[in-house]
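Peer 1: In order, the protein sequences belong to chains A and B. Adding 68 to a residue's 1-based position in the first sequence gives its number in my numbering. Adding 68 to a residue's 1-based position in the second sequence gives its number in my numbering. We put the CB at the ideal spot given by N, CA and C, even for glycine. Treat the numbers as computed from the prediction; the structure is a model and nothing was measured. To start, I am sharing the structure in question, which I have written as structure tokens.
Number of protein chains: 2
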Amino acid sequence: MDTTQLLKGVLDLAVLAVLREDDAYGYDILRRLRTAGLSEIGDASVYGTLRRLFAAGYLNTYVVPSEEGPHRKYYALNPAGRSQLKQGGEVWREFASTMESLLREPA
Amino acid sequence: MDTTQLLKGVLDLAVLAVLREDDAYGYDILRRLRTAGLSEIGDASVYGTLRRLFAAGYLNTYVVPSEEGPHRKYYALNPAGRSQLKQGGEVWREFASTMESLLREPA
DNA sequence: TTGCACTACTGCGCATAAGACAGTACTGTT
DNA sequence: AACAGTACTGTCTTATGCGCAGTAGTGCAA
Chain A
69 MDTTQLLKGV LDLAVLAVLR EDDAYGYDIL RRLRTAGLSE IGDASVYGTL
119 RRLFAAGYLN TYVVPSEEGP HRKYYALNPA GRSQLKQGGE VWREFASTME
169 SLLREPA
Chain B
69 MDTTQLLKGV LDLAVLAVLR EDDAYGYDIL RRLRTAGLSE IGDASVYGTL
119 RRLFAAGYLN TYVVPSEEGP HRKYYALNPA GRSQLKQGGE VWREFASTME
169 SLLREPA
């Protein structure tokens, strides 16, 4: 079974969650997600998700030059993003609980 | 947030789970899933998934005529399907646990 | 007897989103 | 000079859930 399809719709949420505490740039978000357990996630998936979330109005962004390499494009949760994180988390939990009950041995 | 994307890759698992106890035909599987909590699932999604699982070799099938309407195409889990259900369930649980830890308030 | 609702399934085509891949660009090391 | 690591963009492919139309059977109501 491929984890690729499981990610659909959830990567948005994972990225928002990673940004909850502090701003981060794409490459760092990628590393955080891989460390957190989504080890096989592709870089293009994360960059694409960030663009999508930005376009949807959930993120603010600003560029910071780096002395150790290329510039970094930081993303930050805005109020809409925080609201989306909260709501998305609820939807996810409800969905996960439905799946769990389906998978459990029936009475 | 749309539940559509959350279903990706998981509908397979949900259908296999519903078939664990006894055989069922498409329309009934659809009803069972909707009752179980996946209330917004589309009929074409279920029929498509059944065809896909059958083509992948996880299901056996047979047609039963009905006196209360059109014929019914029953599906049954075969050994490969049971194995897939077991393995898919494990992958799902691990994935869900990763997501849960990402969503939880950080230490 | 015509029409509608419900059951049951097939097939077409679309939209979404993850990912592979190539390319650009900068820094530091060998 | 070559290469690895960092950091990002753009293009194309693929998987899959779903809308919609169509087919077909039963039974009920106007």
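Using a Cβ-Cβ distance under 8 angstroms, would A/Leu118 count as near chain B?
Peer 2: No, because no Cβ of chain B sits closer than 8 angstroms to the Cβ of A/Leu118.
Peer 1: Taking 7 angstroms as the limit between beta carbons, can you name the residues of its chain near A/Gly94, skipping five residues before and five after?
Peer 2: Val114, Tyr115, Leu118, Lys141, listed in sequence order.
Peer 1: Chain A beta carbons: is any one of them nearer than 8 angstroms to that of B/Gly110?
Peer 2: With 8 angstroms as the cut-off, B/Gly110 does not count as an interface residue toward chain A.
Peer 1: Taking all protein chains shown into account, decide if B/Tyr143 is buried (16 or more other Cβ within 10 angstroms of its Cβ) or exposed.
Peer 2: B/Tyr143 should be labelled buried.
Peer 1: When the Cα atoms are used, what is the spatial distance from B/Arg99 to B/Ala112?
Peer 2: When rounded, the distance between both Cα atoms is 13 angstroms.
Peer 1: Do B/Ser169 and A/Ala104 come within 8 angstroms of each other at the CB atom, strictly closer than that value?
Peer 2: Yes, they are a contact pair.
Peer 1: Go to B/Val114, then tell me how far its alpha helix (DSSP H) extends in each direction, as first and last residue.
Peer 2: 111-123 is the span of the alpha helix (DSSP H), which, as asked, contains B/Val114.
Peer 1: Is the segment 75-84 of chain A close to the segment 85-92 of chain B, with three or more CB pairs under 8 angstroms?
Peer 2: No, they do not touch.
Peer 1: Do you know offhand how far A/Val132's Cα is from A/Leu171's?
Peer 2: Using only the alpha carbons, I get a separation of about 46 angstroms.
Peer 1: Mind listing the chain A neighbours of B/Ala85? Cutoff is C-beta to C-beta under 7 angstroms, in chain order.
Peer 2: The contacting residues are Leu170, Leu171.
Peer 1: Please list the residues of the segment 145-166 of chain B that have a C-beta atom closer than 7 angstroms to any C-beta atom in chain A, keeping them in chain order.
Peer 2: If the cut-off is 7 angstroms between Cβ atoms, the segment 145-166 of chain B has Gln155, Gly156, Gly157, Val159, Trp160, Phe163, Ala164, Thr166 near chain A.
Peer 1: Taking Cβ positions only, does A/Trp103 come closer than 8 angstroms to chain B?
Peer 2: A quick correction: the sequence has Thr, not Trp, at residue 103 of chain A. Cβ-Cβ to chain B under 8 angstroms: no for A/Thr103.
Peer 1: Look at the Cβ atom of B/Val78, then the Cβ atom of A/Met167, and state whether they are nearer than 8 angstroms.
Peer 2: Against a cut-off of 8 angstroms, the Cβ pair of A/Met167 and B/Val78 comes out as a contact.
Peer 1: With B/Leu121 and B/Asp80 assumed to form a contact (beta carbons below 8 angstroms), what rounded beta-carbon distance in angstroms separates them?
Peer 2: Between B/Asp80 and B/Leu121 the Cβ distance is about 6 angstroms, and since that is below 8 angstroms, they are a contact.
Peer 1: Please identify the residue among B/Asn128, B/Pro138, B/Leu101 whose C-alpha is closest to the C-alpha of B/Asn146.
Peer 2: That would be B/Asn128, whose Cα lies nearest to the Cα of B/Asn146.
Peer 1: Give a yes or no on whether the minimum CB-CB distance between B/Leu74 and chain A is below 8 angstroms.
Peer 2: Cβ-Cβ to chain A under 8 angstroms: yes for B/Leu74.
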